[in-house]
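Scroll down for the structure; my scribbles are underneath it.
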Amino acid sequence: MNNPTPTPQVPPWAAEANCKTAFVRGMRVAFRVPGAVLFATSIGYGALARDGGFELAQALLIASMIYALPAQVIFVDQVARGAGLVTAAFLVTLTAIRFVPMTVSLMPYLRTGPRRTWQLFAASHFIAVTTWIEASRALPALPSDLRLPHFFGIGIGILFCAIAGTTAGFHASALVPEVISATLLFMTPLYFILSLCGAARVRSDYLAILLGCMLGPLFYQITPGFDLLAAGLIGGTIAHLVRRRGP
Amino acid sequence: MTATTTGLASYLIIIGVALLAHEPWRWLGAYLGHTLSPDDEIFLWVRAVSTALVAGLVMRLVLYPAGVLEASPLAMRLAGFAIGVGGYFALGRNLLLGILVGCIAFGAGLGIWPIITSGV
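Protein sequence lines, in the order shown, are assigned to chains F and P. Sequential numbering from 111 applies to the first sequence in the numbering used here. Sequential numbering from 33 applies to the second sequence in the numbering used here.
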């Protein structure tokens with residue numbers, strides 16, 4: 111007995127849209143809250159990279175190739191502290207394991223329209239927490255043929271914000287007082303949690319959020335490195351079982 | 033690699049780390065997910081797992097941050113977080129207002145904290 115999931119409303123623009131409009135609409139995310147938050151938090155990353163002795167080109171290449179703020183920060187931080195490349199790469203790979211369930215959960219939307227397999231793998235590069243949240247919210251409401259182009263738009267729009275924010279932070283790091291840079295970094299967790307609440311449709315979604323919040327810190331103490339995966343698997347499974355049992 | 037490595041060598045190292053240590057997990061997800069449909073039971077489960085996982089990441093960022101945030105008092109981070117979430121629901125689930133309220137509370141608290149603790 112599953113609780114029925116309310117069907118999301120098709121946005122008005124999607125009624126007569128083609129792939130190109132869906133792509134451009136996706137890129138507009140750069141000018142909305144997710145883009146603003148990523149721009150602001152990338153400022154912190156840009157400043158950190160400069161502090162660590164990186165060149166701007168290197169910082170931008172890391173941001174584009176890794177495309178996940180936590181891993182970027184860990185990599186830059188580790189290298190700046192003189193850790194070996196293997197250690198840094200190992201920590202980066204631990205933070206990336208979370209992309210397995212996140213990518214799996216977006217694929218059903220991305221694969222429904224006309225697409226080639228390589229396009230799905232290319233699209234997976236743009237899966238990060240910000241784009242995952244935005245896509246989980248936006249894609250289900252779209253006609254199936256518009257989903258993949260819309261997601262590429264979201265991914266590239268957010269990439270522009272990351273590049274702009276990193277560049278700004280790299281050049282402004284010495285100018286901004288610490289209170290401001292700390293506040294900019296503080297936007298990230300707040301944006302993530304409020305977006306999760308916004309995407310929650312049934313009560314068990316809130317349960318998954320709550321359990322993740324409680325189990326995350328617990329497993330951070332017990333199994334650092336695998337804390338997110340453990341909190342996700344256990345918290346998510348409990349929430350899912352509760353949902354299945356109803357009411 | 034050290035931060036002093038420059039030029040082409042450093043770019044190749046960065047690309048190598050990204051492709052070998054980070055990207056394969058996305059490819060694995062794309063491979064595992066490409067036969068799934070949104071109606072599958074297992075999809076609802078994976079979605080719940082991802083949601084709990086991101087929530088765990090949020091708490092890690094708040095409780096055990098890196099960089100500049102590490103120096104801020106824990107109480108201030110928790111207060112800013114609670115005010116942001118509370119503000120979001122109190123102000124009609126407005127994402128932008130929630131973030132603004134939480135960040136302003138956090139930034140203002142951080143600004144006056146040294147004044148309070150210095151006993152002036």
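Glycine residues also receive a C-beta, built at the ideal position from the N, C-alpha and C atoms.
Could you spell out the range, first to last residue, of the alpha helix (DSSP H) harbouring residue i?
| i | result |
| --- | --- |
| residue 123(F) | Unbroken run through residue 123(F): none, as it is neither H nor E. |
| residue 313(F) | 313–332 |
| residue 55(P) | 55–65 |
| residue 109(P) | 106–122 |
| residue 131(F) | 129–137 |
| residue 80(P) | 73–95 |
| residue 306(F) | 288–309 |
| residue 100(P) | Taken as a continuous stretch (DSSP letters only), residue 100(P) belongs to no alpha helix (DSSP H), as it is neither H nor E. |
| residue 343(F) | 337–355 |
| residue 149(P) | 127–149 |
| residue 179(F) | 179–190 |
| residue 44(P) | 39–49 |
Mind reading off the beta-carbon distance from residue i to residue j? Whole number of angstroms is fine, and I expect it under 8 angstroms.
| i | j | result |
| --- | --- | --- |
| residue 241(F) | residue 265(F) | 6 angstroms |
| residue 135(F) | residue 263(F) | 6 angstroms |
| residue 185(F) | residue 49(P) | 7 angstroms |
| residue 140(F) | residue 271(F) | 5 angstroms |
| residue 342(F) | residue 211(F) | 6 angstroms |
| residue 177(F) | residue 238(F) | 5 angstroms |
| residue 156(F) | residue 275(F) | 6 angstroms |
| residue 218(F) | residue 68(P) | 5 angstroms |
| residue 363(F) | residue 309(F) | The displayed coordinates of chain F run from 111 to 357. Any statement about residue 363(F) would go beyond what the structure contains. |
| residue 214(F) | residue 88(P) | Incorrect: roughly 17 angstroms between the Cβ atoms, too far for contact. |
Closest to residue i by CA distance: which of the options is it?
| i | options | result |
| --- | --- | --- |
| residue 261(F) | 274(F), 275(F) and 230(F) | 230(F) |
| residue 133(F) | 147(F), 227(F), 255(F) and 177(F) | 255(F) |
| residue 63(P) | 162(F), 228(F), 166(F) and 252(F) | 228(F) |
| residue 303(F) | 122(P), 84(P) and 148(P) | 84(P) |
| residue 236(F) | 169(F), 216(F), 285(F) and 141(F) | 216(F) |
| residue 323(F) | 99(P), 69(P), 134(P) and 86(P) | 86(P) |
| residue 320(F) | 299(F), 336(F) and 346(F) | 346(F) |
| residue 143(F) | 348(F), 162(F) and 268(F) | 268(F) |
| residue 116(P) | 99(P), 103(P), 139(P) and 101(P) | 139(P) |
| residue 202(F) | 37(P), 56(P) and 80(P) | 56(P) |
| residue 113(P) | 95(P), 125(P) and 103(P) | 95(P) |
| residue 154(F) | 300(F), 332(F), 338(F) and 277(F) | 277(F) |
| residue 284(F) | 146(F), 124(F), 130(F) and 159(F) | 159(F) |
| residue 91(P) | 329(F), 290(F) and 355(F) | 329(F) |
| residue 299(F) | 123(P), 125(P) and 109(P) | 109(P) |
| residue 118(P) | 105(P), 103(P) and 137(P) | 137(P) |
| residue 313(F) | 355(F), 286(F) and 275(F) | 355(F) |
| residue 339(F) | 81(P), 61(P), 43(P) and 133(P) | 81(P) |
| residue 97(P) | 187(F), 170(F), 199(F) and 164(F) | 187(F) |
| residue 38(P) | 165(F), 349(F), 146(F) and 200(F) | 165(F) |
| residue 296(F) | 130(F), 148(F), 128(F) and 126(F) | 148(F) |
| residue 93(P) | 293(F), 193(F), 124(F) and 232(F) | 293(F) |
Just mark residue i as buried or exposed, buried being the case when its beta carbon has 16 or more other beta carbons within 10 Å.
| i | result |
| --- | --- |
| residue 146(P) | exposed |
| residue 351(F) | exposed |
| residue 138(F) | exposed |
| residue 244(F) | buried |
| residue 120(F) | exposed |
| residue 288(F) | exposed |
| residue 172(F) | buried |
| residue 111(F) | Low confidence applies to residue 111(F): its pLDDT is 38, below 50, so where it sits in the model is not reliable enough to give any reading. |
| residue 196(F) | exposed |
| residue 143(P) | exposed |
| residue 220(F) | buried |
| residue 148(P) | exposed |
| residue 107(P) | exposed |
| residue 113(F) | The predicted model places residue 113(F) with a pLDDT of 45, which falls under 50 and marks its position as unreliable; any figure quoted below should be read in that light. Flag for residue 113(F) reads exposed. |
| residue 121(P) | exposed |
| residue 337(F) | buried |
| residue 40(P) | exposed |
| residue 52(P) | exposed |
| residue 334(F) | exposed |
| residue 353(F) | buried |
| residue 182(F) | buried |
| residue 205(F) | buried |
| residue 168(F) | buried |
| residue 72(P) | exposed |
| residue 122(F) | exposed |
| residue 105(P) | exposed |
| residue 74(P) | exposed |
| residue 305(F) | buried |
| residue 103(P) | exposed |
| residue 332(F) | exposed |
If we define contact as Cβ-Cβ less than 7 angstroms, is residue i a contact residue for chain A?
| i | result |
| --- | --- |
| residue 213(F) | Included in the structure are the protein chains F and P, with no chain A among them. |
For the ligand SAH, is there a heavy atom less than 6 angstroms away from the beta-carbon of residue i?
| i | result |
| --- | --- |
| residue 62(P) | What this structure holds is no ligand at all, so the ligand SAH is not there to describe. |
Start-end ranges of the alpha helix (DSSP H) lying completely within the region 141–167 of chain F, minimum 4 residues: 143–161
In chain order, each alpha helix (DSSP H) run of at least 4 residues that lies wholly inside the region 206–268 of chain F: 209–220, 227–234 and 239–248
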